[in-house]
Amino acid sequence: MTTATARRRSIRPLIAILLVSLAPLVFALLAYYVPSLGLRPGTRTHYGQLIEPQRPIPGDLDLRDAQGRPYDLNRLKGQWLLISTGPGACPESCVRGLFVLRNSHASQGKEVDRLERVWFITDDAPPAAVVGEAYAGTHVLRADPARLAAWLAPEAADPAAALAQGLWIVDPLGHLMMRFPDAQQPEAVRDDIRTLLRNSRIG
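Here is the structure:
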């Protein structure tokens, strides 16, 4: 065996090690710069719909608390607000929305104190007993449905249906910034809220 042949054989393991080491880098570069190859992992999509532009809390919501006294929602600025709405009788869809927001709130661990839950009653009926019993800690406020819809769902073709189905988030600066189309995916609602709290330093 010649010296040159022996040298080539001794270099082959080094070349193999170099190729193995470079493979992840090459894969990452191809995934990033050549998306058509399908190597890039799918982008996570949020269940909630960002509201753009964000809408501040209106001054004319004409809210009333449980004792019928005027209530300014700006009092809760500094907290993330989880909002649901419904008639006082609170049918199944209303109960489900309250349930999702309560569980999403409770599951935030050490971040739980950054959140408040708000339920807007959209008629003159007294609040269902189940709300006081099962959802203690929720701010129960009576609101004019037309004014509420003008803030929460101004683009809705059917404002009443939008109020009955949706859930919303207001940021600590008082801006309405996210809407959930319904309460059918509680885990997705919880995860979106967790992401907001993790990435935000306000509230």
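Residue numbering for the sequence shown is 22 to 224, as defined by the working numbering.
Beta carbons are placed, not taken as given, at the ideal position from N, Cα and C, and that holds for glycine.
For P193, the three-state DSSP class (helix, strand or coil): Along the sequence shown, one-based indexing puts residue 193 at 172. In this structure, P193 counts as coil in the three-state DSSP scheme.
D165 versus D83 - alpha carbon distance: As a first step, residue 165 is located in the sequence shown; it is residue number 144 there, counting from the start. As a first step, residue 83 is located in the sequence shown; it is residue number 62 there, counting from the start. In a straight line, the C-alpha of D165 is about 7 angstroms away from that of D83.
S221 versus R85 - alpha carbon distance: As a working note, residue 221 is residue 200 in the sequence shown. As a working note, residue 85 is residue 64 in the sequence shown. Cα to Cα, S221 sits roughly 30 angstroms from R85.
When T159, P202 and F141 are compared against Q70, the one with the closest alpha-carbon: Sequence index remark: in the sequence shown, residue 70 carries index 49 (1-based). Q70 has its Cα closest to that of P202, out of T159, P202 and F141.
Which of helix, strand or coil DSSP assigns to G224: Numbered from its first residue, the sequence shown carries residue 224 at position 203. Look at G224 here: in three-state DSSP terms it is coil, with no helix or strand label.
R65 classed as buried or exposed, judged by whether at least 16 other C-beta atoms fall within 10 angstroms: Working through the sequence shown from its first residue, we reach residue 65 at position 44. For R65, the predicted model reports a pLDDT of 48, less than 50, meaning its position is unreliable; a value from the coordinates is still stated below. By the neighbour-count rule (16 or more Cβ atoms within 10 Å), R65 is not buried but exposed.
Alpha-carbon to alpha-carbon, G187 and G195: To locate residue 195, count along the sequence shown from 1; it is residue 174. To locate residue 187, count along the sequence shown from 1; it is residue 166. One alpha carbon belongs to G195, the other to G187, and they sit about 19 angstroms apart.
Length of the line joining the Cα atoms of S114 and L184: Within the sequence shown, the letter at position 93 stands for residue 114. Within the sequence shown, the letter at position 163 stands for residue 184. Linking S114 to L184 through their CA atoms gives a straight-line distance of about 11 angstroms.
Check whether S105 and R211 have beta carbons under 7 angstroms apart: As a working note, residue 105 is residue 84 in the sequence shown. As a working note, residue 211 is residue 190 in the sequence shown. Taking 7 angstroms as the cut-off, the beta carbon of S105 is found no closer than this to the beta carbon of R211.
Burial state of G107 (16 or more Cβ within 10 Å): On the sequence shown, residue 107 is found 86 positions in, with the first residue counted as 1. With 16 or more other CB atoms across the displayed protein chains lying within 10 angstroms of its CB, G107 is buried.
Neighbour-count burial assignment, I142, 16 or more Cβ in a 10 Å radius: Position 121 of the sequence shown holds residue 142. With 16 or more other Cβ atoms within 10 Å, it is buried.
Cα-Cα separation between P207 and V121, rounded to whole angstroms: What you label residue 207 is simply residue 186 of the sequence shown in a count that begins at 1. What you label residue 121 is simply residue 100 of the sequence shown in a count that begins at 1. Those two C-alpha atoms are separated by around 6 angstroms.
Contacting residues, own chain, Cβ-Cβ under 8 angstroms from R168 (five flanking each side not counted): As a first step, residue 168 is located in the sequence shown; it is residue number 147 there, counting from the start. Exclusion of the five residues before and after R168 leaves P79, D81, L82 and D83 as the residues of its chain whose Cβ lies within less than 8 angstroms of its Cβ.
Between the CA atoms of L94 and L136 - distance to the nearest angstrom: What you label residue 136 is simply residue 115 of the sequence shown in a count that begins at 1. What you label residue 94 is simply residue 73 of the sequence shown in a count that begins at 1. The alpha-carbon of L136 is positioned some 14 angstroms away from that of L94.
Own chain partners of R200 with C-beta closer than 7 angstroms, once the 5 adjacent residues on each side are dropped: On the sequence shown, position 179 is the one that residue 200 refers to. So the qualifying residues of the chain are G69, Q70, I72, G187 and W189.
Euclidean distance between Cα positions of L218 and M198: As a working mapping, residue 218 is identified with position 197 in the sequence shown. As a working mapping, residue 198 is identified with position 177 in the sequence shown. For L218 and M198, the gap between their C-alpha atoms comes out near 13 angstroms.
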